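Visitor: I'd like to ask you about the structure that follows.
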Amino acid sequence: MFVFRANYNFQAATFRLGKADDEIHAGYEILQKYHKTVTFFGSARITEDNEYYQKAKDLAFQLAKEGYTIITGGGGGIMEAANRGAMEAGGESVGFNIRLPHEQSLNNYTTDSFAFTHFAPRKIVMTLLADAYVCFPGGFRVQWMKFVRLSH
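According to this note's numbering, the stretch in the sequence shown is residues 1 to 152, in order.
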């Protein structure tokens with residue numbers, strides 16, 4: 001059982017909702033440029049020598065060759081592999097990063113990007129408009145994204 005006390009500050013909540021709305025609109029502005037998209041989810045901790053890194057990179061390469069834009073969270077691991085595969089294929093490669101202290105920075109394989117400050121708008125943008133979703137092994141956030149997609 002979890003018990004916590006929420007201190008509700010209406011003014012602060014209103015500000016955060018406005019910021020989240022702005023981020024959703026910014027993400028959609030980017031997505032509207034692309035007509036065929038595939039979103040990749042997976043661990044940020046997987047390294048280049050891992051078999052899943054290679055599989056993500058190879059799949060993204062093939063999809064980009066077929067004209068799909070690759071969408072990721074813009075970080076390392078699977079996200080980097082997918083963005084890298086798309087870029088090496090000469091395709092479009094979008095990273096929707098998250099600004100967190102001591103967390104991931106945008107990988108070097110994106111052709112377009114946006115940095116979110118909140119997870120909720122990032123999740124909305126990454127899960128609503130893709131033509132397909134690819135889930136590689138990952139942690140809690142990957143599982144969360146997968147189940148959000150499955151429940152819609």
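In this text, a Cβ means the ideal position worked out from N, Cα and C, and glycines have one as well. A quick note: this is a predicted structure, and the numbers were derived from the prediction, not measured.
With a cut-off of 8 Å on the beta carbons, I'd call residue 42 and residue 52 a contact; round off their distance for me.
Guide: 7 Å
Visitor: Leaving out five residues on either side along the sequence, give the residues of the same chain with a beta carbon under 6 Å from the beta carbon of residue 72.
Guide: 40, 79, 82, 83, 95, listed in sequence order.
Visitor: Check whether the Cβ atoms of residue 46 and residue 121 sit closer than 7 Å, and answer yes or no.
Guide: no
Visitor: Between the Cα of residue 106 and the Cα atoms of 30, 27, 36, 44, which residue gives the shortest distance?
Guide: 44
Visitor: Span of the beta strand (DSSP E) holding residue 116?
Guide: 112-116
Visitor: Between residue 26 and residue 114, how many whole angstroms is the CB-CB distance? I'm expecting something under 8 Å.
Guide: 6 Å
Visitor: Please name the residue, chosen from 76, 111, 117, 118, that lies closest to residue 33 on a Cα-to-Cα basis.
Guide: The shortest C-alpha to C-alpha distance from residue 33 to any of 76, 111, 117, 118 is the one to 111.
Visitor: So which of 127, 124, 97 has the shortest CA-CA distance to residue 153?
Guide: Any question about residue 153 goes unanswered here, given that the chain covers just 1 to 152.
Visitor: When DSSP labels each residue in this structure, what does residue 95 get in the three-state scheme?
Guide: strand
Visitor: How close, in whole Å, do the beta carbons of residue 37 and residue 129 come, if the pair is a contact with beta carbons under 8 Å?
Guide: 7 Å
Visitor: To the nearest angstrom, how far is it from the Cα of residue 50 to the Cα of residue 136?
Guide: 12 Å
Visitor: With a floor of 4 residues, list each alpha helix (DSSP H) that falls wholly inside the region 19-70, ordered by position along the chain.
Guide: 51-65
Visitor: Taking residue 20 as the reference, give the member of 92, 57, 126, 119 with the closest Cα.
Guide: 119
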